[in-house]
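>
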Amino acid sequence: MGNGMADYVKDGAHTNGVSIKTLKDFDMYCYYVAGLTALGATRLFVASGLESSDLADDTNLSINLGLYYQKTTIIRDYLEDHLYGRKYWPEEIWSIYVKDSSDLKEPGYETEALDCLSSIILNILNH
92 MGNGMADYVK DGAHTNGVSI KTLKDFDMYC YYVAGLTALG ATRLFVASGL
142 ESSDLADDTN LSINLGLYYQ KTTIIRDYLE DHLYGRKYWP EEIWSIYVKD
192 SSDLKEPGYE TEALDCLSSI ILNILNH
């Protein structure tokens, strides 16, 4: 998990640069941030006896839950993240609608912002 997150810090996720360019990058970032956490939490619940041992065998379920949760959080935090120079929405999606992801918050870009949001939500629903 630490090595994966280090890749995103190194690539500029916490600067004004854009490191999440593709949907594959988006999935990997969310996997490191929340997929592995959800997997670990599932294993803890199974080990404690609070969940069935069958749940531990289905790692995809736990990982997808983590990705779903993290991507939902990224949508919610769009404006706050932009205020701090963080850009987590994948360029592969927002660049279809605007030249810069910060345009999505500007007056006059409501249609583009809603279309972009819809595309990201469709991606999330894959999980």
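In case it helps, the working numbering puts the sequence shown at residues 92 to 218.
Ideal Cβ positions, reconstructed from N, Cα and C, are used throughout, including at glycine.
#1: Quick check on D168: does DSSP put it in helix, strand or coil?
#2: So, is I175 buried or exposed, given that buried needs 16 or more other C-beta atoms within 10 angstroms?
#3: Tell me the rounded alpha-carbon separation between L195 and L158.
#4: Am I right that T163 and I215 are in contact with their C-beta atoms under 8 Å? What's the rounded C-beta distance?
#5: Could you round the C-beta distance between I211 and W180 to whole angstroms and report it? I think they count as a contact, below 8 Å.
#6: Are the segment 113-124 and the segment 180-193 in contact at 8 Å, needing three or more beta carbon pairs?
#7: Please tell me whether L135 and I154 are closer than 9 Å, where the distance is taken between their beta carbons.
#8: Select from S193, D148 and L208 the residue whose C-alpha is nearest the C-alpha of E171.
#9: Restricting to Cα atoms, I'd like to know which of K190, E203 and N151 is closest to N69.
To lay it out plainly:
#1: D168: coil per DSSP, three-state reduction.
#2: Residue identity check: residue 175 is Tyr in the sequence provided, not Ile. Looking at its Cβ environment, which holds fewer than 16 other Cβ atoms inside 10 Å, Y175 is exposed.
#3: Those two C-alpha atoms are separated by around 23 Å.
#4: About 6 Å separates the two Cβ atoms, so the contact holds.
#5: Rounded, the Cβ-Cβ distance is 6 Å, consistent with contact.
#6: With a cut-off of 8 Å, the segment 180-193 and the segment 113-124 count as touching, because enough Cβ pairs lie within range.
#7: The Cβ-Cβ distance between L135 and I154 does not fall below 9 Å.
#8: Nearest Cα to E171 within the set S193, D148 and L208: S193.
#9: In this structure the chain extends from 92 to 218, so residue 69 is not present and cannot be described.
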